[in-house]
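Heads up: the sequence shown begins at 1 in the UniProt record's numbering, then just goes up one per residue.
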Amino acid sequence: MIDLGINSKLDNKRVTILASLDVEIRKKSRGFISTPVSSVPQLDRQTALATMNGMFEILALQAQTRPFAVGLRLLDDIAPVFRRACPESPGERVNLPNILLNPDFNLRNFAASDIMISVTTGQPTYLQYEVPFSLDLCERMSKAKSENGLQSIYGIPNELIMLFAWINSLCEEPGAGQNLGLVSWIEDNLWKIKIADDQSSDPLLRIGRMAVQECWRFAVIVYLYMALCEADSSDPRVIRAQKGYMRLVRGIKPGRYPDAYLINSMIIVGIAITEERDRETLRQRMYKVWEWMEPGTTGNDAIMRLEDIWTRTRVERRPAVWTDLRIASRKVLGR
């Protein structure tokens, strides 16, 4: 594995190594996809899982050191392998709760990445997911968290990943955002989701992690109203959520952790932020995470998307809307 040290700058040797790893992923995935599907479904799934081994470690290196578009190209190659690792028949939606509860890390990681990339770029997910959301299902996930959770990677509990995915799928249903009963039910139940208690013996660390979880709840509300209901950043419901988020952020001591766990939520809520003081707070927090401050990295590309939205809405003298994120993503990512 490449040793990156404490910064994300690459010399020519490391650039060459990463490029060769890209080629290796592409070769493995395309080689597998070109083989006929086995007549024994379980065998085909096992082969797909074996093919995925090591791919996410390489993807993590790319995320720290290369533009986001490079990582997306890798996901383009991984996605069809992931699909063949799922038990659903071709054409069926993939059951997201089953994936998030699956013991295989690669399956969970791809699904979570797919959902959160869609939420933070405005792009469609690679796959279509079945998301039967309920509080009972959230409780099952909470109990399984010690074994299956991705919170240590993304900073967001599985339960909220699933809720983001459900809202994302509702965006495809005509009229869902105008269903006031549905929208109210989602917001009410968001606060009823019980996130597993942090087990740290350090009370300050425990409080900090709880605050991060509450920040993510406010990010869900911003996404609910801006993406599903098509509200703009001047909507009172959106303003209330982003102000609640900023109060929490200001109360959390800056540092790599928890800021690395907050960054994706900063992108979501940042779209709704209009006051320059709040924008500057987010800039300072994001630029202190080393793999986000270096130009030409996945994290820095995310900051550039926010800056594009802030600049355009300021020049055009209007509130931000969720489609601004997709426009910014096309500019920064070229896709």
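Quick reminder that beta carbons are idealized off the backbone N, C-alpha and C, glycines included.
It should be emphasised that the depicted structure is a prediction, and the values quoted were computed from it without experimental measurement.
Asked, Found
"Which of helix, strand or coil DSSP assigns to Leu4", "Residue placement at Leu4 is poorly supported in this model, since its pLDDT is 43, which falls under 50; the coordinates still yield a value, given next. It is coil, neither helix nor strand."
"Whole-angstrom C-beta distance between Pro319 and Thr311, which should lie under 8 Å", "So it is not a contact: roughly 14 Å between Cβ atoms."
"Straight-line Cα distance separating Glu130 from Ile267", "25 Å"
"Ala241 beta carbon less than 8 Å from that of Ile221", "yes"
"Straight-line gap, Ile195 to Pro36 (C-alpha atoms, nearest Å)", "43 Å"
"Tyr126, enclosing alpha helix (DSSP H) - first and last residue", "It is not in any alpha helix (DSSP H) - Tyr126 carries neither H nor E in the DSSP assignment."
"Coarse secondary structure for Asn109, derived from DSSP in three states", "helix"
"Buried/exposed call for Gln284, threshold 16 Cβ in 10 Å", "exposed"
"Residues that Asn95 bridges to, as DSSP identifies them", "Glu130"
"Distance between Cys229 and Ser184 (C-alpha atoms, nearest Å)", "11 Å"
"Sufficient close CB pairs (3 or more, under 8 Å) joining the segment 19-37 to the segment 245-263", "no"
"Spatial distance of Met1 from Gln64 (CA atoms)", "Here the model assigns Met1 a pLDDT of 38, short of 50, so the residue's position is not dependable, and the following value carries that caveat. In a straight line, the C-alpha of Met1 is about 14 Å away from that of Gln64."
"Contact under 8 Å by Cβ, Glu187 with Leu163", "no"
"Leu72: first and last residue of the uninterrupted alpha helix (DSSP H) it sits in", "Phe68 to Ala85"
"Beta-carbon proximity of Thr298 to Gly71, cut-off 8 Å", "yes"
"Beta-carbon proximity list for Arg250, same chain, < 8 Å, skipping 5 on both sides", "Thr281"
"Val238 classed as buried or exposed, judged by whether at least 16 other C-beta atoms fall within 10 angstroms", "buried"
"Endpoints, alpha helix (DSSP H) assigned at Arg217", "Pro203 to Tyr223"
"Simplified DSSP assignment, three categories, for Val315", "helix"
"Complete alpha helix (DSSP H) runs within the segment 281-326 (minimum length 4 residues, chain order)", "290-293 and 298-316"
"Asp22 versus Asp77, Ser329, Ser38 and Leu43, residue with shortest Cα-Cα distance", "Asp77"
"Straight-line gap, Leu96 to Ala48 (C-alpha atoms, nearest Å)", "18 Å"
"DSSP-derived helix/strand/coil call for Lys194", "coil"
"Local Cβ density within 10 Å of Trp216, reported as buried at 16 or more and exposed below that", "buried"
"Burial state of Glu276, where buried means 16 or more other Cβ atoms lie within 10 Å", "exposed"
"Val81 versus Asn106: straight-line alpha-carbon distance, rounded", "11 Å"
"Span separating the alpha-carbon of Leu170 from that of Asp232", "18 Å"
"Nearest neighbour of Leu190, chosen from Cys138, Val212 and Ile309 [CA to CA]", "Cys138"
"Environment of Pro258 [buried if 16+ CB atoms lie within 10 Å]", "buried"
"Alpha-carbon to alpha-carbon, Asp301 and Val332", "7 Å"
"8 Å contact criterion, which Arg45 and Pro87 should meet: CB distance rounded", "7 Å"
"Inter-residue Cα distance where the pair is Asp3 and Ile58", "Bear in mind that the predicted position of Asp3 carries a pLDDT of just 40, short of 50, making it too unreliable to give a figure here."
"Limits of the alpha helix (DSSP H) - the one that Pro41 falls within", "Pro41 to Met52"
"Alpha-carbon to alpha-carbon, Ser329 and Glu307", "11 Å"
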